[in-house]
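In numbering that gives the first Met the number 0, the protein residues as written are 0 to 777.
Glycine included, each C-beta is placed from N, C-alpha and C at the ideal position.
The structure displayed is predicted, hence computed values, not measured ones.
Let me begin by presenting the structure, written as structure tokens, before commenting on it.
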Amino acid sequence: MESASATHDTSKASFHLPDLTSLLSHLNDAITAAWPKEAPTPYKRVKVLLISWDQSDLDIEAELTPLISILQGLYHYDTESWKIPSRRSAAELSRKVSDLVTEYNQEGSLLVFYYLGHSKPSDQAGGSPVWFAKRGYSFPNVQASYVQVHPRVSGASCDTLLLYDCSHSIQPGEATTGRGVIETLAARGLESPDTEGSRLFTQSLVQELAHAAHTHEYISTVELHRRLVNRLQKPSPTVPLDNYSILPLDPPTPTHTPIHALLATTPRTITLAPLPGPQTPSVVLAPPTTGTPVAPADGPDVLVACRLAEQSFDVERWRQWVEGVGGARGISVTAVYPSFSVLVILRMPIAVWDLVPATAGISFVGYVAGRDFGVDVAKRVEGEAEVERAVELEVPKVEARVEVAEGGADGGGEEDVRSEETRPVESLWPEIFGRGRSEVYGIEEEPHCLMLSDLQDDDDVTKAEKIIREFTHERSDPSERYICDEIQTFCSPASFEELLAGDIEKTPPELVAIVDETSPSRSQSRVGDKKYLGRQQLLDALLQWRTRSPPPLIETDSEEKEVSVAKRRLVYITNLDPWSTLAVAATASQSQALTLRDFVHKHITFQPGMEVNIDPSGYSSFQLTFHLPFFAWRKSNIPSLDTRQLRSCKNVSFLDKSNTSETYIYEAQVSCTVTGVDNGYWTAYAFFDTYHDGGESKRDVQFYESTKGRAIVDPLAGGRYESNPPVWAAREYFLQVLEACVRDVKSEWRNVALSLLKKIKPYVSVPPPPPPPPDRVS
0 MESASATHDT SKASFHLPDL TSLLSHLNDA ITAAWPKEAP TPYKRVKVLL ISWDQSDLDI
60 EAELTPLISI LQGLYHYDTE SWKIPSRRSA AELSRKVSDL VTEYNQEGSL LVFYYLGHSK
120 PSDQAGGSPV WFAKRGYSFP NVQASYVQVH PRVSGASCDT LLLYDCSHSI QPGEATTGRG
180 VIETLAARGL ESPDTEGSRL FTQSLVQELA HAAHTHEYIS TVELHRRLVN RLQKPSPTVP
240 LDNYSILPLD PPTPTHTPIH ALLATTPRTI TLAPLPGPQT PSVVLAPPTT GTPVAPADGP
300 DVLVACRLAE QSFDVERWRQ WVEGVGGARG ISVTAVYPSF SVLVILRMPI AVWDLVPATA
360 GISFVGYVAG RDFGVDVAKR VEGEAEVERA VELEVPKVEA RVEVAEGGAD GGGEEDVRSE
420 ETRPVESLWP EIFGRGRSEV YGIEEEPHCL MLSDLQDDDD VTKAEKIIRE FTHERSDPSE
480 RYICDEIQTF CSPASFEELL AGDIEKTPPE LVAIVDETSP SRSQSRVGDK KYLGRQQLLD
540 ALLQWRTRSP PPLIETDSEE KEVSVAKRRL VYITNLDPWS TLAVAATASQ SQALTLRDFV
600 HKHITFQPGM EVNIDPSGYS SFQLTFHLPF FAWRKSNIPS LDTRQLRSCK NVSFLDKSNT
660 SETYIYEAQV SCTVTGVDNG YWTAYAFFDT YHDGGESKRD VQFYESTKGR AIVDPLAGGR
720 YESNPPVWAA REYFLQVLEA CVRDVKSEWR NVALSLLKKI KPYVSVPPPP PPPPDRVS
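Written as structure tokens, this is what we have:
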């Protein structure tokens, strides 16, 4: 059953184009891109990367061999077959894509990324589809965004064509920042399941490319899309007789509709044509003969709904445009309805629809093939006379939204008649966090505990002890003295002077933290500075944050709603130790100090918890926190002991005497808090225990540092999500990190449970059956 939300989705109903001029401008751009007046300039270099998995359960070779033959033999493209490794899949895929873009990043070059495999939608709404090797729970997977929205791809000067033979394949994205375009053709959309035996996309692609090569024609991506829709959406008697094909292909039954997507600042489609090569191609296909039927030359078309804010439709203006623009005659008006504005239903070729610039005022209705039978239906239902009545195209002016209607003659008072779309939704989230609060940014930039420690005149205690005193609010509440004692005892080995001077560091320093400060910019959509740091470097980085001037406000015409420049700060620390804790405590702001005190205490004492705190005192702040303790089941000859003496380790090898290696179970915890003063100005702290993997954990800072520049993933989310584009909203980011960490912790608990059950199963005795009853003596 389809979800009710999809059936009754009216989210786009309130979006409109300003007028008919705006609609015609969009259509002009699409027509010019679909059918340019001049022949396109052929590419000088073309690189094709055929991507699959090294552990795939599909017959990859059977699908790829014909495609490679076409691309190399007829088109003379540099073609490479590459398999995604099961280990470090994301890092290796990102590296491969980055290397190819570096080599081909110039105008006149084309990169083609083809993927054959399984795919599924993201667990997060609007997230990137996930590619996976095999059907199953625990097989390797990687996000498709490592290709489509890879920063090197989206900012490249070369063009990029993505061919996906899988379902759930298109990811919405922003226009490219480079001079190239990114165009996607995919077998199925988000609504189509990835079923067995549905690999006709690649076979049809081979047929169409072969046909285009033999007829010596250029074929654009939008034209290729139209032909694939014809082949895969309806049976055609011309398919089995197609002499241009190198594969026998039976007429397909209606299965799925290939989809197209374009990312570009201006509409433009990629055109494929053979490059110069040997006189004789490596694969000889049957040449076309007279009378041989070819692929359908027309249809299907697309119906689209266009919502115009103006209150009338200028028929004469439309007629003049159709007569004056080449290619416009393929676009027709099928209906014009009065609404709260004007609703126009257009029918247009697929090639035009594919290249219409993205705008919320134009939306897809469906594919159509053949004439409109609505008139015939109306004649039979309503009668001839009713159908032939004149259609008034002038729309009566109606206010789109009425805020208040006054009472009638009976003297009734004012009544709120706002629609559901305009009625505000109640929220428990304070309204103050929804606007930029520049008046408190200056206070947030101060290292609160470090500043207060300078005011203490007790010469008998160290600088570190003074900082921890302020951090733990030692004098605030005697009932919370146990918290202060726990943190002070834990941090007692740390010296602030040694930490500041770097005397505790090895050479090179041990990497224990990642810090990232990201802000939008008027000239650049994202500005990030991710650093991989040792303990002393962590202190320096956090102190630098506290010495900068607060960000300005974005200029806005609205006096009611200020929008601040978002400032998102991420602090990721592995195996939190006394020195890292001291660095965090010394640089905490006034609103963060008390929150971080409780956060650190629960982490070091192995406590679970989830909290949402809104502090009304002072200048108001919020904290979103979770703690997820777990046990890790590991095999090794030598235990990986926690040098901090926070977490315990138990040897459970006695459960299996036949084992040659030892088995240990370790305590570990993942903790995260997001704290800030408004939705766009906040800091996230995350503490991850990784000691139990003996320095080989994929959560270690060294692992992320080794993939620097290739794998752009968020360490706070366990590497499950990419860092770009950043999530600016505090609550949304917290939920994303929580979801990723819960999945990781759940896997660890599952591993412990299943491993333990397996070990104790031999010791579970089954009672023997009861003896038979004795024979009765007659």
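Given residue i as reference, the closest of the options once Cα atoms are compared
i: Arg328; options: Arg346, Tyr336, Ser437, Ala716; result: Arg346
i: Val324; options: Tyr42, Phe470, Thr31, Phe605; result: Thr31
i: Val570; options: Val514, Phe630, His602, Val611; result: Val514
i: His215; options: Leu271, Asp8, Gly675; result: Leu271
i: Asn636; options: Glu661, Leu623, Val228; result: Glu661
i: Asp597; options: Gly360, Trp320, Cys671; result: Cys671
i: Glu496; options: Thr517, Leu510, Lys465; result: Lys465
i: Ser518; options: Lys566, Tyr531, Asn650; result: Lys566
i: Gln71; options: Val45, Phe687, Ile83, Lys82; result: Val45
i: Asn612; options: Ala631, Arg633, Val676; result: Val676
i: Trp34; options: Met450, Arg749, Tyr217, Thr488; result: Tyr217
i: Val673; options: Leu623, Ala739, Arg225; result: Leu623
Secondary structure of residue i, DSSP reduced to three states
i: Phe14; result: coil
i: Gln105; result: coil
i: Cys671; result: strand
i: Lys36; result: coil
i: Arg134; result: coil
i: Val374; result: helix
i: Gly369; result: coil
i: Ile269; result: coil
i: Gln232; result: helix
i: Gly325; result: coil
i: Asn750; result: helix
i: Gly608; result: strand
i: Val303; result: strand
i: Thr214; result: coil
i: Asp158; result: strand
i: Asp743; result: helix
i: Ile169; result: coil
i: Ile330; result: coil
i: Ile503; result: coil
i: Val726; result: coil
i: Ile759; result: helix
i: Arg87; result: coil
Residues of its chain near residue i, where Cβ-Cβ distance is below 8 angstroms and the 5 sequence neighbours each way are ignored
i: Glu485; result: His600, Ile603, Thr604
i: Val100; result: Leu110, His149, Arg151, Val152, Ala155, Cys157
i: Cys490; result: Ala463, Ile467, Pro577, Thr580, Leu581, Ala584
Whole-Å CB distance - residue i paired with residue j, under 8 angstroms assumed
i: Asp28; j: Ala308; result: The pair is not a contact, with the Cβ atoms about 20 angstroms apart (cut-off 8 angstroms).
i: Leu538; j: Leu499; result: 6 angstroms
i: Ser362; j: Lys11; result: 5 angstroms
i: Ser118; j: Trp130; result: 5 angstroms
i: Ala377; j: Ile344; result: Contact flag wrong, Cβ pair sits at about 16 angstroms.
i: Glu79; j: Leu49; result: 7 angstroms
i: Gly483; j: Ala587; result: A small correction: the amino acid at residue 483 is Cys; Gly does not occupy that position in the sequence shown. Actually they do not touch by this definition, with Cβ atoms about 15 angstroms apart.
Residues near residue i in its chain [Cβ-Cβ closer than 7 angstroms; skip 5 each side]
i: Leu593; result: His472
i: Ser778; result: It is not possible to answer for residue 778, since the shown part of the chain is limited to 0 through 777.
i: Pro266; result: Asp28, Ala29, Ala32, Leu354, Pro356
i: His626; result: Lys601, His602, Gln606, Pro607, Gly608, Gln668, Ser670
i: Gly365; result: Leu302
i: His691; result: Ala631, Arg633, Ser639, Tyr665, Ala667
i: Trp681; result: Arg567, Val673, Thr674, Gly675, Ala729
Run of the alpha helix (DSSP H) containing residue i, from where it starts to where it stops
i: Glu469; result: 462 to 471
i: Arg480; result: 480 to 490
i: Phe849; result: It is not possible to answer for residue 849, since the shown part of the chain is limited to 0 through 777.
CB contact check: residue i to chain D, cutoff 9 angstroms
i: Thr594; result: No chain D appears in the structure shown, which is made up of a single protein chain.
Element boundaries [beta strand (DSSP E), containing residue i]
i: Tyr571; result: 566 to 573
i: Phe653; result: No beta strand (DSSP E) contains Phe653, which DSSP labels as neither H nor E.
i: Ser121; result: Unbroken run through Ser121: none, as it is neither H nor E.
i: Pro348; result: 341 to 348
i: Glu182; result: 181 to 185
Neighbourhood of residue i by C-beta distance below 6 angstroms, restricted to the same chain and skipping five residues each side
i: Pro767; result: none
i: Ala685; result: Tyr571, Cys671, Leu715
i: Ser219; result: Thr268, Thr270
i: Lys654; result: Just to set this straight, residue 654 is Leu in the shown sequence, not Lys. Around Leu654: Lys758.
i: Ala739; result: Ala716, Gly717, Arg719
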